[in-house]
Structures are given as structure tokens and as C-alpha cells.
Amino acid sequence: MNMKIESFSAEETYELGKKLGSEANPGDVLTLIGDLGVGKTVFTQGFADGLGITEPISSPTFTIVQVYEEGRLPFYHFDVYRIGDIEEMDEIGYEDYFYGNGVTMIEWANLIEEILPETYREVQIEKDLEKGFDYRTITIREVHRA
1 MNMKIESFSA EETYELGKKL GSEANPGDVL TLIGDLGVGK TVFTQGFADG
51 LGITEPISSP TFTIVQVYEE GRLPFYHFDV YRIGDIEEMD EIGYEDYFYG
101 NGVTMIEWAN LIEEILPETY REVQIEKDLE KGFDYRTITI REVHRA
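Quick note on full-length UniProt numbering: the sequence shown kicks off at 1 and runs consecutively.
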């Protein structure tokens, strides 16, 4: 599944996340790529809504992983921006999350690329201010690492 979507508002970005969350399956891993302020948290909030999670979703900047278990599937939200060394992921027990029965969303996944699963879905969100302050291009692609 490779697709490029134009979003003209935070609401549209949220709804796309919600649609993908409603279609998520156990063991799915998604990476979320985008600059600060591009809408990663809005997308993730929609994704969690699609999983049936009603509690507030925020970026786990200081905890690395936030676990939500009230939805139809457990949701593991990683933010690895502050990770100093890949060994920190081992200490967290990342494999239990990546290869478990829930869905994993990883922000700043490029920092831990060497431990990502062989197959995952990359979601890249980009701004284009020439097309408007709220305009985003969201590219979703399946990644298969050899």
C-alpha cells in the first residue's frame, strides 16, 4: 500500500489517522516521520481514536514509550527522539512491543532504523506553506527491508 494524501486541515489529518487506526491489525508497526509541528501528534490521536482509545494521547517525549490498553488492540506509542543509544531500546524491551499483539507507532524512527522490523508502514507528513498554513502531504508506504 503506497499512497499520497493531501490534508488541508488538522481535522483531515486526524481523520486519516482514525481510518488507519480502525484498519490496524495485531503486530502492525508504523513509523511516523516529520518535522516538529507538522501534525504527528494529531495523526496519532486520530489513529488511537480509530483503535477505540478515548484517553488523551500526547507525545511520550520523556518516557520513550506510552502504552494504551483500552482500545480493541493495545497501542504502543514510541518517541525515540531523545534516545542516546540503541541499547536503551533493549532495556525497554522493544521486541515485546514490536512483535507483540498490539500496534506500534514510532516517532523519529530513523534514529533506530537498524532494529525496525523487516516490514513496517512509514507515514511521512510534510508541510508546504505555499499551499497554506494547514496544508500537509501525507505519504504512506510499505517498507520491506532485506
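For each residue, glycine too, the CB sits at the ideal point set by N, CA and C. Just so we're clear, the structure is a prediction, and the values are computed from it rather than from any experiment.
How close, in whole Å, do the beta carbons of D134 and A10 come, if the pair is a contact with beta carbons under 8 Å? As a first step, residue 134 must be located in the sequence shown, where it is residue number 134. As a first step, residue 10 must be located in the sequence shown, where it is residue number 10. Going by Cβ atoms, the distance from D134 to A10 rounds to 6 Å, so yes, they are a contact pair.
Out of H144, L111, T54, G102, which has the shortest C-alpha to C-alpha gap to L32? Stepping through the sequence shown from its first residue, residue 32 is reached at position 32. Put simply, of H144, L111, T54, G102 the residue whose alpha carbon is nearest the alpha carbon of L32 is L111.
Rounded C-alpha distance that separates Q66 from V29: Here residue 66 refers to the residue found at position 66 of the sequence shown. Here residue 29 refers to the residue found at position 29 of the sequence shown. Here the C-alpha atom of Q66 lies approximately 15 Å from the C-alpha atom of V29.
Let me check one thing: in DSSP terms, what residues is F62 bridge-paired to? As a first step, residue 62 is located in the sequence shown; it is residue number 62 there, counting from the start. Bridge partners of F62: none, in fact.
From I115 to P26, what distance separates their C-alpha atoms? By 1-based counting over the sequence shown, the position of residue 115 is 115. By 1-based counting over the sequence shown, the position of residue 26 is 26. Between I115 and P26, the C-alpha separation is close to 19 Å.
Using a 10 Å radius around the Cβ and a threshold of 16 neighbouring Cβ atoms, would you call F78 buried or exposed? Within the sequence shown, numbered from 1, the residue matching residue 78 stands at position 78. Counting of Cβ neighbours within 10 angstroms places F78 among the buried residues, the total reaching 16 or more.
Cβ atoms of G21 and Y50: under 7 Å apart, would you say? Mapped onto the sequence shown, residue 50 falls at position 50. Mapped onto the sequence shown, residue 21 falls at position 21. According to the sequence provided, residue 50 is Gly. The question's Tyr does not apply to it. Cβ distance < 7 Å, so G50 and G21 count as in contact.
Taking 7 Å as the cut-off, decide whether the C-beta atoms of Y14 and G46 are in contact. In the sequence shown, the residue the question calls residue 14 occupies position 14. In the sequence shown, the residue the question calls residue 46 occupies position 46. Taking 7 Å as the cut-off, the Cβ atoms of Y14 and G46 count as close.
Looking at V103: is its Cβ nearer than 7 Å to the Cβ of A48? If you number the sequence shown from 1, residue 103 lands on position 103. If you number the sequence shown from 1, residue 48 lands on position 48. Not a contact, by the Cβ cut-off of 7 Å.
Can you grab the Cα-Cα spacing for the pair residue 191 / E126, in whole Å? Residue coverage of the chain in this structure runs from 1 to 146, which leaves residue 191 outside it and unanswerable.
One question on the structure: do I57 and G71 come within less than 7 Å of each other, judged by their Cβ atoms? On the sequence shown, position 57 is the one that residue 57 refers to. On the sequence shown, position 71 is the one that residue 71 refers to. Cβ atoms of I57 and G71: not closer than 7 Å.
Please classify I92: does DSSP put it in a helix, a strand, or coil? Here residue 92 refers to the residue found at position 92 of the sequence shown. If DSSP states are grouped into helix, strand and coil, I92 belongs with the helices.
Which term fits R145, buried or exposed, when burial requires 16 or more other beta carbons within 10 angstroms of its beta carbon? For the purposes of this step, residue 145 is taken as the residue at position 145 of the sequence shown. The Cβ neighbour count for R145, taken over all protein chains shown within 10 Å, is under 16; the residue is labelled exposed.
As a quick exercise: from W108, E118, G132, pick the residue whose alpha carbon is nearest that of I86. Your numbering for residue 86 matches position 86 in the sequence shown. I86 has its Cα closest to that of W108, out of W108, E118, G132.
Under 7 Å between C-beta atoms of V123 and I106: One-based indexing of the sequence shown puts residue 123 at position 123. One-based indexing of the sequence shown puts residue 106 at position 106. Inclusion of V123 and I106 in the CB contact set at 7 Å is not warranted, their separation being larger than that value.
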